[in-house]
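Enquirer: According to the working numbering, the residues represented by the sequence shown are 3 to 331, in order. Note that the Cβ used here is the ideal one computed from N, Cα and C, for glycine as well. Pasting a structure below so you can have a look.
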Amino acid sequence: MSIRSARQHTLESAMEAAVEAARWAPSVHNTQPWTFSVSGEEISLKADTDRKLRVGDASGRELSISCGAALFTLRTALRCHGYEPVVRVLPDPDRPSLLATLRPGAETSPDETVRLLGEQIERRRTHRAGFAEVPVPDRLIDRLVRAAAAEGAELTPVRAPAAVDVLASLTRAAQGVQSQDRRFNLEVIRWARPPGSSRDDGVPATGYPRHAVRTDPDFPQRDYAWRHDWGGEGGAEPGLGVVALLTTAGDGREDWISAGEALQHVLLHAAAYGVSAAFHTQVLEMELLREFLRVEVCSGRYPQMIMRLGVTFDDDTAAVRRSLADVTG
């Protein structure tokens with residue numbers, strides 16, 4: 003094998019590994035709203051709009067954030083395999099579903115941080131309950147803030163009790179409104195996998211507690227078991243964790259993709275130190291409440307994610323993902 007053909011083989015292996023890794027990115031309700039294609043030395047990331055939430059995400063903001071998380075995973079995996087990614091976001095206005103392209107650029111040696119992030123890609127899990135009463139070190143929170151900033155977003159830990167109360171109250175209000183809307187309920191349970199299901203998408207029945215324990219203040223989770231007695235036996239941990247807001251300066255598609263990249267950077271770094279995240283997007287799916295949050299809490303910046311960060315010993319849910327064949331074309 004010539005040097006050129008050996009390098010080409012290495013490139014192909016790196017791109018295949020990157021796509022394999024990107025399958026494990028987080029997405030709203032585990033919808034996995036993406037497809038990937040490899041042509042020559044280029045990977046394309048496309049939105050799978052058939053998997054968009056028609057009720058909760060009419061604008062496609064959450065879909066774009068999910069795909070942004072997949073984009074950061076692609077970038078990280080390429081770096082782990084020795085290539086600096088060359089990325090173009092929204093490269094073709096005539097192809098709105100094409101969110102990004104990546105090419106393996108200069109050869110590089112992954113540093114310790116890159117390797118650490120790469121090791122968490124398949125280990126990271128979304129949490130949907132309270133946390134253990136174990137503090138998250140301030141030093142780690144500072145690192146997560148820097149991780150978000152590296153992707154053009156801002157992660158703000160919410161420390162003031164009054165501000166935490168406001169976010170909890172808004173989350174409860176939004177959940178209350180959505181729980182009375184049959185359209186929201188049906189959309190949520192569409193992505194709730196029944197016990198024993200062989201589906202490779204959606205939230206598994208073991209992915210949330212059957213009987214949720216209230217945090218203080220209470221940040222309610224989605225009712226994935228609406229009118230069903232589903233859910234795991236865990237969920238006894240009552241801790242709130244650290245409440246945080248992820249925001250961006252703008253609110254266009256490129257900003258949403260950047261928010262997803264920042265989110266995944268934060269999540270992988272947190273997972274490396276045993277910290278998980280619970281998401282609360284109900285407020286952000288209601289236009290008036292999101293605007294109130296932007297003006298009154300976020301100093302004019304656009305809120306893209308509300309999350310709680312904490313330690314859990316109660317999360318052994320096996321992740322499910324669509325097959326490589328299903329997400330490539």
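Whole angstroms is fine: what's the gap from L265's alpha carbon to D231's?
Expert: 32 Å
Enquirer: Report yes or no: do three or more beta-carbon pairs, one from the stretch 53-65 and one from the stretch 217-227, lie closer than 8 Å?
Expert: At 8 Å Cβ cutoff, the stretches do not touch.
Enquirer: Measure how close the beta-carbons of L157 and V268 come, nearest whole angstrom, since I'm counting them as under 8 Å.
Expert: With a Cβ gap of about 6 Å, L157 and V268 count as contacting.
Enquirer: Given 8 Å as the limit, is there contact between the stretch 249-258 and the stretch 191-207, that is, 3 or more CB pairs closer than that?
Expert: no
Enquirer: Would you report the Cα separation of A227 and H129, rounded to the nearest angstrom?
Expert: 16 Å
Enquirer: Does DSSP put G234 in a helix, a strand or coil?
Expert: Collapsing the DSSP output to three states places G234 in a strand.
Enquirer: Following the continuous alpha helix (DSSP H) through L326, name the residue where it begins and the one where it ends.
Expert: 326-329
Enquirer: Could you spell out the range, first to last residue, of the beta strand (DSSP E) harbouring V40?
Expert: 36-41
Enquirer: I need the boundaries of the beta strand (DSSP E) containing A279, first residue and last residue.
Expert: 278-281
Enquirer: What are the boundary residues of the beta strand (DSSP E) that includes P139?
Expert: Element bounds for P139: n/a, residue is neither H nor E.
Enquirer: Classify R63 as helix, strand or coil using the three-state DSSP reduction.
Expert: helix
Enquirer: Can you check the stretch 148-181 for any alpha helix (DSSP H) of at least 4 residues that lies completely inside it and give the ranges in chain order?
Expert: 163-181
Enquirer: Are the CB atoms of E135 and G241 nearer to each other than 7 Å?
Expert: yes
Enquirer: Out of I308, R126, R192, G154, state which residue places its alpha-carbon closest to the alpha-carbon of I259.
Expert: The candidate whose alpha carbon is nearest that of I259 is G154.
Enquirer: Go through its chain and collect everything with a Cβ distance to R303's Cβ below 8 Å, but skip five positions before and after it.
Expert: So the qualifying residues of the chain are E156, T249, T250, A251, R296.
Enquirer: Looking at L65: is its Cβ nearer than 7 Å to the Cβ of A49?
Expert: yes
Enquirer: Which residues in the same chain have their Cβ closer than 6 Å to the Cβ of M288, if we skip the five residues on either side of it in sequence?
Expert: The answer, listed in chain order, is A176.
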